[in-house]
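Peer 1: This is the structure, below, for whatever I ask next.
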Amino acid sequence: MNNQPAPQRLLSWFNPLGRNPGSWAFILNRLTGLGLTMYLFLHLMVLGRLAQGPEAYEEFLALTKSPLIKLGELLVIGAVIYHGLNGLRVVLTSFGLGVRRQVQMFYLSVLLALVGTAIFAFRMFAG
């Protein structure tokens, strides 16, 4: 039993030291899932601008040219790639495939997400 007060136990959950790859996979999957859910609501609000007429939508499109918005789009792309690949890892291990290679599959999903995000970043900012 842990004798620490409740706030300290809660704060220790956010301590990145001593975490194993399975914990990181779990945390990243939850964070990307929450982020993508928030993005979905934001996306639906933007689509609602279409109902306000073409002027309102054009005004929003001008805003999307901002570097900060482009960075946000890049984070969404990275989250989608990682979340999808990690989801495939979870499905495979649920069926008993690659259970002994979970750590390697996690690292591979992170690597592929970083590479995919870098490719999108290059195309987004260079093109």
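Residue 30 in this note's numbering is what sits at position 38 of the sequence shown, and the numbering runs on without skipping anything. Even glycine gets a Cβ: it sits at the ideal position worked out from N, Cα and C.
Which full runs of the alpha helix (DSSP H) of 4+ residues lie inside the region 24 to 71, going along the chain?
Peer 2: Counting only runs of 4 or more, we get 46 to 55.
Peer 1: Mind checking asparagine 7: buried by the 16 CB within 10 Å criterion, or exposed?
Peer 2: Counting from 1 along the sequence shown, the entry for residue 7 is found at position 15. Exposed is the call here.
Peer 1: Express the C-alpha separation of alanine 71 and arginine 30 in angstroms, rounding to a whole number.
Peer 2: Within the sequence shown, the letter at position 38 stands for residue 30. Within the sequence shown, the letter at position 79 stands for residue 71. Note that residue 30 is methionine in the sequence shown here, rather than arginine. Spanning the two alpha carbons is a distance of roughly 12 Å.
Peer 1: Could you check whether glutamine 94 and glycine 14 sit closer than 8 Å to each other, using their CB atoms as the reference points?
Peer 2: Looking up residue 14 in the sequence shown gives position 22. Looking up residue 94 in the sequence shown gives position 102. Yes, the pair counts as a contact, with Cβ atoms nearer than the cut-off.
Peer 1: What is the C-beta distance between isoleucine 69 and threonine 109, in whole angstroms, given that I count them as a contact (C-beta under 8 Å)?
Peer 2: Here residue 69 is taken as the residue at index 77 of the sequence shown, counted from 1. Here residue 109 is taken as the residue at index 117 of the sequence shown, counted from 1. Between threonine 109 and isoleucine 69 the Cβ distance is about 6 Å, and since that is below 8 Å, they are a contact.
Peer 1: Taking the alpha-carbon positions, what's the leucine 67 to methionine 116 distance?
Peer 2: Position 75 of the sequence shown, counted from the start, is the residue given in the question as residue 67. Position 124 of the sequence shown, counted from the start, is the residue given in the question as residue 116. Those two C-alpha atoms are separated by around 12 Å.
Peer 1: Under three-state DSSP, which class holds tryptophan 16?
Peer 2: Counted from its first residue, the sequence shown places residue 16 at position 24. In this structure, tryptophan 16 counts as helix in the three-state DSSP scheme.
Peer 1: For phenylalanine 98, count the other beta carbons within 10 Å of its own beta carbon; 16 or more makes it buried, fewer makes it exposed. Which is it?
Peer 2: Reading the sequence shown from its first residue, position 106 is the one you call residue 98. By the 10 Å Cβ count, phenylalanine 98 comes out buried.
Peer 1: Classify isoleucine 61: buried if its beta carbon has 16 or more other beta carbons within 10 angstroms, exposed otherwise.
Peer 2: Within the sequence shown, the letter at position 69 stands for residue 61. It is exposed - the Cβ of isoleucine 61 has fewer than 16 other Cβ atoms within 10 Å.
Peer 1: Decide if the region 37 to 48 is in contact with the region 77 to 85; the criterion is three or more beta carbon pairs, one per stretch, under 8 Å apart.
Peer 2: The region 37 to 48, when compared against the region 77 to 85, does not touch it at the 8 Å Cβ threshold.
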